[in-house]
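Input: a single structure, listed below in structure tokens.
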Amino acid sequence: MPDTDPATKSMDEIVALCKRRGFVYPASEIYGGINGFWDYGPLGTALKNNIRDHWWKQTVECPPIGPDGEPVSIVGLDSSIIQNPKVWEASGHVGGFSDPMVDDTETKKRYRADHVWVRKAAGKDGNEVLVAIVLGSQEEAQAAWEHFDSTGKLPDQLRGELSKGVKKCIDGAKFYEDAPISSYVDVSDDQRVMVFGQHASKPGTLTEPREFNLMFETFVGAIRDASSKAYLRPETAQGIFLNYKNVVDTMRVKMPFGIAQVGKSFRNEVTPRNFIFRSREFEQMEMEWFCAPDDSPKWYDFWKHERMRWWESLGVSKSNLRYRDHDDDELAHYSKMCVDIEYKYPFTAPGYGELEGVAHRGCFDLTQHQEHSKQKMEYFDQERQVKGQKAGLSKDEINAQSKYIPNVIEPASGLTRGVLVLLCEAFTPDESRPSKVYMKFKPKFAPIKAGVFPLVNKDGMPEVAQKLYMGLREKFTCQLDAKQSIGKRYARMDEAGTPYCFTVDGDTLSDQTVTVRDRDSQSQERINIDQVENFLADKIGE
RNA sequence: GCGGGUGUAGCUCAGUGGUAGAGCGUCACGUUGCCAACGUGAAUGUCGUGAGUUCGAAUCUCAUCACCCGCUCCA
Numbered sequence: 259m260p261d262t263d264p265a266t267k268s269m270d271e272i273v274a275l276c277k278r279r280g281f282v283y284p285a286s287e288i289y290g291g292i293n294g295f296w297d298y299g300p301l302g303t304a305l306k307n308n309i310r311d312h313w314w315k316q317t318v319e320c321p322p323i324g325p326d327g328e329p330v331s332i333v334g335l336d337s338s339i340i341q342n343p344k345v346w347e348a349s350g351h352v353g354g355f356s357d358p359m360v361d362d363t364e365t366k367k368r369y370r371a372d373h374v375w376v377r378k379a380a381g382k383d384g385n386e387v388l389v390a391i392v393l394g395s396q397e398e399a400q401a402a403w404e405h406f407d408s409t410g411k412l413p414d415q416l417r418g419e420l421s422k423g424v425k426k427c428i429d430g431a432k433f434y435e436d437a438p439i440s441s442y443v444d445v446s447d448d449q450r451v452m453v454f455g456q457h458a459s460k461p462g463t464l465t466e467p468r469e470f471n472l473m474f475e476t477f478v479g480a481i482r483d484a485s486s487k488a489y490l491r492p493e494t495a496q497g498i499f500l501n502y503k504n505v506v507d508t509m510r511v512k513m514p515f516g517i518a519q520v521g522k523s524f525r526n527e528v529t530p531r532n533f534i535f536r537s538r539e540f541e542q543m544e545m546e547w548f549c550a551p552d553d554s555p556k557w558y559d560f561w562k563h564e565r566m567r568w569w570e571s572l573g574v575s576k577s578n579l580r581y582r583d584h585d586d587d588e589l590a591h592y593s594k595m596c597v598d599i600e601y602k603y604p605f606t607a608p609g610y611g612e613l614e615g616v617a618h619r620g621c622f623d624l625t626q627h628q629e630h631s632k633q634k635m636e637y638f639d640q641e642r643q644v645k646g647q648k649a650g651l652s653k654d655e656i657n658a659q660s661k662y663i664p665n666v667i668e669p670a671s672g673l674t675r676g677v678l679v680l681l682c683e684a685f686t687p688d689e690s691r692p693s694k695v696y697m698k699f700k701p702k703f704a705p706i707k708a709g710v711f712p713l714v715n716k717d718g719m720p721e722v723a724q725k726l727y728m729g730l731r732e733k734f735t736c737q738l739d740a741k742q743s744i745g746k747r748y749a750r751m752d753e754a755g756t757p758y759c760f761t762v763d764g765d766t767l768s769d770q771t772v773t774v775r776d777r778d779s780q781s782q783e784r785i786n787i788d789q790v791e792n793f794l795a796d797k798i799g800e
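At position 377 of the first sequence (counting the first as 1) the number is 635 in this note's numbering, and the numbers step up by one without a gap.
Here it is, written out as structure tokens:
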């Protein structure tokens, strides 16, 4: 630190290096590719696995100490990608994911149909028009027009200006006082030509509301009909809620506790963009933390900070990470509070883009599944019962405190976004070195830990290098390379992000030492050949 | 989904209607004395894909796919 500012890094060069060195390839490339899908090459897979393993270890195997000084308890899970389609009705994804959209064919703008509000008026020319404005709710639209009626102006919170055409149209138009503001969704087909879009220059440019379902559909079994329709999961979280009862019943967990899962999710994104940042198939690392409702603010705060610390532990520079609290109007249907951990990607810089969301989901999901499945999701908290009894509370008071549907705090991060962050973070241009760039991974996450080279292929050096390599390969991912010049080999390792290279030279044969070449400083030191393994173990453990 | 741009070797690109090219990289052999050295040799392309125009298309036309930029979207 300070590390190179992501704003100065070229995404094109990062993508090119990823392909050249086997981190990420376009999916189905020999058939011309397929938009929104990527394949992870040998080094990319190693990098992804390293991040995943670190997350699993820090989340499930050795979770942190909680705010009360007690170690937190989190169990692992691996649920199915395809579930009963009723799951997605209960979770709100089938409804919420298929918001109908409206396009303005003139201005090419697109709106959510339920955010478009129309008001009927008689124009100066005697023709009726429906003036459409885009606002989040009917109340806001109502208030906007009331503001207009009293002041002759629409308020500032309208998204964008009214077009000149609309202004001209409503100037002198007579609004029907008794006609309510209505949703565009309810406008009939023949009335649609009368609708004057907020940004349009003339009426009739808005399309009918159209469905955009972001979930991938498939069919279970050989018969393709409505009853066999199923969905690929759009998030791993629901698999956890589905098994909440199973885990409580079988794992001797008690509140508060977490269930963690890593796996693929699928979203049929409208516009996959920015390399692997938004792809249609991606991998998530999600943990659902179940706790008593009155404890939830404490845990929300805890996980918010804990997750930031975790990203910093990957070697991501503090200055490239930040929190962003969600405004009320962008909160998801399930969420009470949500904070994003964001990274300064080269394509968002100087702005930031989402990396992980820590959401307070309340009891939304479990309540939904309780209603839809008719299975009880209530938890009986015996510790609270005992506490209540000791405090001499009444039976009703004790019940009220010890029976509840748990609240959920959800740190949900993108594993594949984590890969992207480490790729961007590691990518370090350096005009002074032959490769012009090196990948500055923290050694722990580097796909290849070490290179082992004979300085030249003679005088017994290859044999010594081979022996060193044979020992190391049992513990570390490393590469033996005797081809071409030593400089070329260092350069290759720089691009792969290999932190250390051990070179056997003439002195090795007499004094049993090798040189260690450090990727970042390019400096060398000599260590005893017997110490190489300890040296590596030390550096990688850091 | 809309508008604009781009697609030629692994990469960067040249090639405007007449035999498909360069540099780098890759591989082999030789050489080598610490940062993409050198020599010799080799492999690599239905010019994104599919049609059309033409005696002849990488080149012109249309369609399509992918990528990039801007909208839009992102529970």
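Where is the CB? At the ideal position from N, CA and C, for every residue including glycine.
As the structure is a computational prediction, the values presented were derived from the model and not from experiment.
Checklist entry - Nearest to GLN449 by alpha carbon, out of THR476, VAL392, LYS378 and GLU404? => result Start at 1 with the first residue of the first sequence, and residue 449 comes out as number 191. Sorting THR476, VAL392, LYS378 and GLU404 by C-alpha distance to the C-alpha of GLN449 places LYS378 at the top.
Item to check | Separation of PRO438 from GLU386, as counted between CA atoms | outcome: Taking the first residue of the first sequence as position 1, residue 386 is located at position 128. Taking the first residue of the first sequence as position 1, residue 438 is located at position 180. A straight-line Cα-Cα distance of about 15 Å links GLU386 and PRO438.
Next on the checklist: What does the alpha-carbon distance come out to for the pair ALA617 and ASP362?
Outcome noted: Stepping through the first sequence from its first residue, residue 617 is reached at position 359. Stepping through the first sequence from its first residue, residue 362 is reached at position 104. Roughly 34 Å between the two C-alpha positions.
Next on the checklist: If distances are taken between C-alpha atoms only, which option among GLU629, ALA658, GLN626 and LYS426 comes closest to GLN640?
Outcome noted: On the first sequence, residue 640 is found 382 positions in, with the first residue counted as 1. For the set GLU629, ALA658, GLN626 and LYS426, the Cα lying nearest the Cα of GLN640 is the one of ALA658.
Next on the checklist: Helix, strand or coil, according to DSSP, for PHE499 in the structure here?
Outcome noted: Taking the first sequence and counting its residues from 1, one reaches residue 499 at position 241. It is helical.
Next on the checklist: Restricting to Cα atoms, I'd like to know which of TRP296, LYS306 and LEU275 is closest to LEU572.
Outcome noted: By one-based count along the first sequence, residue 572 stands at place 314. Check the Cα spacing between LEU572 and each of TRP296, LYS306 and LEU275: the tightest is with LYS306.
Checklist entry - What's the call for HIS373, buried or exposed, on a 16-neighbour Cβ count within 10 Å? => result Here the question's residue 373 lines up with position 115 in the first sequence. Counting Cβ neighbours within 10 Å, HIS373 comes out buried, since at least 16 surround it.
Item to check | Spatial distance of PRO260 from TYR601 (CA atoms) | outcome: As a position in the first sequence, residue 260 is number 2, starting the count at 1. As a position in the first sequence, residue 601 is number 343, starting the count at 1. Bear in mind that a pLDDT of 43 at PRO260, under 50, signals an unreliable position, so the number given afterwards is only what the model happens to contain. Cα atoms of PRO260 and TYR601: separation of roughly 16 Å, rounded to the nearest angstrom.
Next on the checklist: Assuming MET751 is part of the alpha helix (DSSP H), what are its boundary residues?
Outcome noted: Taking the first residue of the first sequence as position 1, residue 751 is located at position 493. Looking at the DSSP string, the run of the alpha helix (DSSP H) that includes MET751 is 744–754.
Next on the checklist: Let me check understanding here. Comparing Cα to Cα, which of LEU275, GLY799, ILE787 and LYS707 lies closest to ASP776?
Outcome noted: Residue 776 sits at position 518 when you count from the first residue of the first sequence. It is LYS707.
Checklist entry - If VAL282 sits next to GLY299, beta carbons under 8 Å apart, how far is it from one beta carbon to the other, in whole angstroms? => result What you label residue 282 is simply residue 24 of the first sequence in a count that begins at 1. What you label residue 299 is simply residue 41 of the first sequence in a count that begins at 1. With a Cβ gap of about 6 Å, VAL282 and GLY299 count as contacting.
Checklist entry - Residue ranges of each beta strand (DSSP E) run of no fewer than 3 residues wholly in the segment 492–573, ordered along the chain? => result Counting only runs of 3 or more, we get 515–524 and 539–549.
Checklist entry - Going by DSSP, which residues form a beta bridge with THR476? => result Here residue 476 is taken as the residue at index 218 of the first sequence, counted from 1. Partner residues in the beta bridge of THR476, as assigned by DSSP, are ALA488.
Next on the checklist: So, for LEU335: in the same chain, excluding its five sequence neighbours on each side, which residues have a beta-carbon less than 8 Å away from its beta-carbon?
Outcome noted: What you label residue 335 is simply residue 77 of the first sequence in a count that begins at 1. Setting aside the 5 residues that flank it on each side, LEU335 is surrounded in the same chain by GLY497, ILE498, ASN501, VAL505, ILE517, ALA518 and GLN519, each with a C-beta closer than 8 Å to its C-beta; the list follows chain order.
Checklist entry - How long is the line joining the alpha carbons of GLU629 and GLY280, rounded to whole angstroms? => result Locating residue 629 in the first sequence gives position 371, where the first residue counts as 1. Locating residue 280 in the first sequence gives position 22, where the first residue counts as 1. Spanning the two alpha carbons is a distance of roughly 48 Å.
Next on the checklist: Please state the DSSP three-state secondary structure of ASP598.
Outcome noted: As a first step, residue 598 must be located in the first sequence, where it is residue number 340. Annotated three-state conformation of ASP598 is strand, per DSSP.
Checklist entry - Which value, in whole angstroms, describes the spacing of the CA atoms of ASP763 and LYS716? => result Sequence index remark: in the first sequence, residue 763 carries index 505 (1-based). Sequence index remark: in the first sequence, residue 716 carries index 458 (1-based). Cα to Cα, ASP763 sits roughly 10 Å from LYS716.
Checklist entry - MET509 and VAL666: beta carbons closer than 8 Å? => result Here residue 509 refers to the residue found at position 251 of the first sequence. Here residue 666 refers to the residue found at position 408 of the first sequence. Not closer than 8 Å, so no.
Item to check | Per-residue burial, HIS563 [other beta carbons within 10 Å of its own, 16 or more giving buried] | outcome: To locate residue 563, count along the first sequence from 1; it is residue 305. HIS563 is exposed by the Cβ-count criterion.
Next on the checklist: If you follow the alpha helix (DSSP H) that GLN659 is in, where does it begin and where does it stop?
Outcome noted: In the first sequence, residue 659 corresponds to position 401, counting from 1. It spans 653–660 - the alpha helix (DSSP H) in which GLN659 sits, taken as one unbroken run.
Next on the checklist: Which runs of the alpha helix (DSSP H) at least 4 residues long sit entirely within the segment 630–708? Give them in chain order.
Outcome noted: Counting only runs of 4 or more, we get 640–648, 653–660 and 673–684.
Checklist entry - THR771 by DSSP, collapsed to three states: which one? => result Position 513 of the first sequence, counting from 1, holds the residue named residue 771. Here THR771 sits in strand by DSSP.
Item to check | Top-ranked residue by Cα proximity to THR266, from ASP688, ARG747, GLU347 and ASP598 | outcome: Position 8 of the first sequence holds residue 266. The candidate whose alpha carbon is nearest that of THR266 is ASP688.
Next on the checklist: Quick check: the Cα distance between CYS276 and ALA684, rounded to an integer number of angstroms?
Outcome noted: Taking the first residue of the first sequence as position 1, residue 276 is located at position 18. Taking the first residue of the first sequence as position 1, residue 684 is located at position 426. So the two alpha carbons sit approximately 12 Å from each other.
Item to check | Contact set for ALA285: own chain, Cβ-Cβ below 7 Å, skip 5 residues either direction | outcome: For the purposes of this step, residue 285 is taken as the residue at position 27 of the first sequence. The answer, listed in chain order, is GLY291, ILE292, PHE295, TRP296 and ASP297.
Checklist entry - Is the number of C-beta pairs between the segment 540–559 and the segment 659–678 that are closer than 8 Å three or more? => result The segment 540–559 is in contact with the segment 659–678.
Checklist entry - Would you say the segment 669–677 touches the segment 531–551, given that touching needs at least three Cβ pairs under 8 Å? => result In the pairwise beta carbon analysis, the segment 669–677 is classified as touching the segment 531–551: at least three pairs are separated by under 8 Å.
Item to check | Rounded Cβ spacing between VAL695 and GLU753 (contact assumed at less than 8 Å) | outcome: Within the first sequence, the letter at position 437 stands for residue 695. Within the first sequence, the letter at position 495 stands for residue 753. About 7 Å; that satisfies the 8 Å criterion.
Checklist entry - With DSSP run on the structure shown, which of helix, strand or coil describes LEU613? => result Indexing the first sequence from 1 puts residue 613 at position 355. When secondary structure is reduced to three states using DSSP, LEU613 falls in the strand class.
Item to check | Other residues of its chain near PRO720: CB distance less than 6 Å, five sequence neighbours each side excluded | outcome: Residue numbering aside, residue 720 sits at position 462 when the first sequence is read from its first letter. Cβ neighbours of PRO720 beyond the five flanking positions: PRO712 and ALA740.
Checklist entry - Based on the DSSP secondary-structure assignment, which residues constitute the bridge partners of HIS618? => result Taking the first sequence and counting its residues from 1, one reaches residue 618 at position 360. Answer is MET595 and ILE667.
Item to check | Through-space distance from ILE309 to LEU726, alpha-carbon basis | outcome: Within the first sequence, the letter at position 468 stands for residue 726. Within the first sequence, the letter at position 51 stands for residue 309. A direct Cα-to-Cα measurement between LEU726 and ILE309 gives close to 28 Å.
Item to check | 6 Å Cβ shell around PHE560 - same chain, five flanking residues per side excluded | outcome: Locating residue 560 in the first sequence gives position 302, where the first residue counts as 1. Hits under 6 Å: PRO325.
Next on the checklist: Could you pull the DSSP bridge partners for GLY334 from this structure?
Outcome noted: Stepping through the first sequence from its first residue, residue 334 is reached at position 76. Partner(s): ALA518.
Item to check | Inter-residue Cα distance where the pair is VAL722 and ILE785 | outcome: For the purposes of this step, residue 722 is identified with residue 464 of the first sequence, where counting begins at 1. For the purposes of this step, residue 785 is identified with residue 527 of the first sequence, where counting begins at 1. In a straight line, the C-alpha of VAL722 is about 15 Å away from that of ILE785.
Next on the checklist: So, with DSSP's three-state summary, where would you put ILE323?
Outcome noted: Walking along the first sequence from the start, residue 323 turns up at place 65. In this structure, ILE323 counts as strand in the three-state DSSP scheme.
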